[in-house]
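Add 84 to the 1-based position in the sequence shown for this note's numbering, that's all there is to it.
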Amino acid sequence: MYWEEQLPSVPELAEELEIYRPRRLALRGFRPSRAVLKGTSLSYGRSPPVPGEPPQELNLRGCEVTPDVDVGAQRFCIKLLVAAPEGMSEIQLRCRDAPQYARWVAGCRLASRGRSLAEASLGAEARGVLGVLGLGGDPSLPPTAPAAAPRPPPDPRVLLAPRFLRKVKPKQLVPRILEVLHRVGALSPAQARLRFLEAWRALPGFGLAYFLVRFKGGRRDEVLALGPSWLLRLDPGSGSVTRKWRYDALRQWNVNWDSRQLTLELEGEVTLALGVLSAPCQTLHEFLGGYLCLGGRQPGRPLDQQLFLKLTGGQEPL
85 MYWEEQLPSV
95 PELAEELEIY
105 RPRRLALRGF
115 RPSRAVLKGT
125 SLSYGRSPPV
135 PGEPPQELNL
145 RGCEVTPDVD
155 VGAQRFCIKL
165 LVAAPEGMSE
175 IQLRCRDAPQ
185 YARWVAGCRL
195 ASRGRSLAEA
205 SLGAEARGVL
215 GVLGLGGDPS
225 LPPTAPAAAP
235 RPPPDPRVLL
245 APRFLRKVKP
255 KQLVPRILEV
265 LHRVGALSPA
275 QARLRFLEAW
285 RALPGFGLAY
295 FLVRFKGGRR
305 DEVLALGPSW
315 LLRLDPGSGS
325 VTRKWRYDAL
335 RQWNVNWDSR
345 QLTLELEGEV
355 TLALGVLSAP
365 CQTLHEFLGG
375 YLCLGGRQPG
385 RPLDQQLFLK
395 LTGGQEPL
């Protein structure tokens, strides 16, 4: 069983991890660190500690937790997007094995919701993470009945598109397919569809709409991407993200329909003025208003159609 290590009795996680913070012009990779997650605060420093170097601290409330896992390659990483004054700051945690990964994913998710690690839901959430990976679950659950007869090995030519078969040999794909089938084999059709939607939403480019724009004062064209919960400013040459803003930081936006200019006012006295080059300004306005309306809707409540039409079809500054 993978769930052999027990959660600590105190409301904190303190373990050795490998941590990496992507930065410009930085060639350093993952570095061994001592990480402590207590409440909604994550603090970390070098391991072993360096005298005179204070640990760094981040507030994980409202952060985005994205798994980066490959069970076959034994890679258990967690990507965190944390709100910062200059935009969104990314930090990556690499765990040594599945139990440690499950603890830290569960802890980071609870911290992002503002909940304490002392709650009993931490253990249930961690076991759920292992269940998603197909590495174990709650020992109290009854074991599933064995299959009546072994299934024949899957045929990659039936399951995969030809473009994948041209890149990888079929015999190399069979173990990966069996691994996936093992994860979803015990799920009901509804659970399998939900798992597919969760994996789809976890893709890096999920829900992004790209617009070629020219920022006020800029000398070259750039790309502005609108996602379900954030704005991304991209370099058109490399595709790298130069700035990130959550919609929570957007106070208001104004549209000049004659000059096709859009002005975004963000927290921290940040104002972005830009012109849309690749599409009508109305299209960017509709994407922005639609994402804001859908993102603010409570689960289970019907869509406010009047608010949706106001945010997506208004002809006056908002």
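From the three backbone atoms N, C-alpha and C, an ideal C-beta is built for every residue, glycine too. Since the structure is predicted, the reported quantities are computational estimates derived from the model, not experimental observations.
Rounded separation between residue i and residue j - CA only
i    : j    : result
S322 : P95  : 43 Å
A195 : I162 : 14 Å
K251 : V258 : 14 Å
G146 : A333 : 12 Å
G291 : L315 : 11 Å
P254 : V189 : 33 Å
A138 : R193 : The sequence shown places Pro at residue 138, not Ala. So the two alpha carbons sit approximately 26 Å from each other.
P227 : R211 : Note on P227: pLDDT 39, under 50, position unreliable in the model; the coordinate value appears next. If I take the Cα positions, the gap works out to 15 Å.
P132 : L101 : 12 Å
L368 : A208 : 41 Å
R285 : Q336 : 27 Å
Q366 : V166 : 31 Å
G156 : R260 : 8 Å
V153 : S343 : 46 Å
G397 : Y375 : 13 Å
L58  : F280 : The structure shown does not extend to residue 58, since the chain spans only 85 to 402, so no value can be given for it.
P273 : V264 : 15 Å
A276 : G384 : 21 Å
P249 : P240 : A small fix is needed here, since residue 249 is Leu in this sequence, not Pro. Spanning the two alpha carbons is a distance of roughly 8 Å.
E89  : Y185 : Low confidence applies to E89: its pLDDT is 48, below 50, so where it sits in the model is not reliable enough to give any reading.
G198 : E148 : 12 Å
F299 : T347 : 10 Å
A231 : L262 : Bear in mind that a pLDDT of 38 at A231, under 50, signals an unreliable position, so the model cannot answer this.
E353 : R247 : 48 Å
P106 : E282 : 25 Å
R317 : Q176 : 21 Å
Q390 : G379 : 15 Å
A357 : E349 : 9 Å
L201 : L164 : 18 Å
Q345 : E174 : 30 Å
E306 : P238 : 45 Å
V268 : P386 : 31 Å
N- and C-terminal bounds of the beta strand (DSSP E) containing residue i
i    : result
P116 : R115 to K122
Y339 : Before going on, a small fix: residue 339 reads as Val here, not Tyr. Taken as a continuous stretch (DSSP letters only), the beta strand (DSSP E) holding V339 covers L334 to N340.
Y417 : Any answer about residue 417 is impossible in this case: the structure gives the chain only from 85 up to 402.
R330 : V325 to R330
V354 : V354 to V360
F295 : A293 to F299
Neighbourhood of residue i by C-beta distance below 7 Å, restricted to the same chain and skipping five residues each side
i    : result
R363 : Position check: residue 363 holds Ala in this sequence, whereas Arg was assumed. Counting only Cβ-Cβ distances below 7 Å, and skipping sequence neighbours, we find F295.
L271 : R279
T124 : N143, L144, R145, A195 and G198
V242 : none
G311 : G291 and L292
L206 : L91, A190, G191 and L194
Proximity to residue i [Cα-Cα], best of the options
i    : options                   : result
T150 : S117, S125, V213 and A274 : V213
A168 : R335, R330, L395 and R211 : R330
L395 : R381, F371 and Q382       : F371
P116 : R180, V360 and L164       : R180
F114 : R187, G129, R178 and T124 : R178
N340 : L201, G359, M172 and E349 : G359
G301 : T355, N338 and K122       : T355
L393 : R118, Y128 and G373       : G373
M172 : T326, G198 and R385       : T326
Y104 : T124, K122, L121 and R130 : R130
L361 : Q176, G379, R304 and G311 : R304
L121 : Q140, A293 and S313       : Q140
Y128 : D319, L201, N338 and R118 : R118
V297 : G289, D319 and S313       : D319
Alpha helix (DSSP H) segment containing residue i, residue limits
i    : result
E27  : No statement about residue 27 is possible, as the shown extent of the chain runs from 85 to 402 and does not include it.
G397 : Q389 to G397
L243 : P240 to L243
Beta-carbon proximity list for residue i, same chain, < 6 Å, skipping 5 on both sides
i    : result
R159 : none
E351 : A333
L244 : none
L142 : L126 and V166
Cβ shell of residue i (< 8 Å), same chain only, five flanking positions each side left out
i    : result
S224 : Unreliable placement is indicated for S224, whose pLDDT of 33 sits below 50; the coordinate value is still reported in the next sentence. Contacts found: none.
D388 : C377 and R381
| field | Contained beta strand (DSSP E) runs [length at least 3] in the segment 245-288, N- to C-terminal order | value | none
| Which residue spans inside the segment 147-203 form an unbroken beta strand (DSSP E) run of at least 3? | 148-154, 159-168 and 171-179
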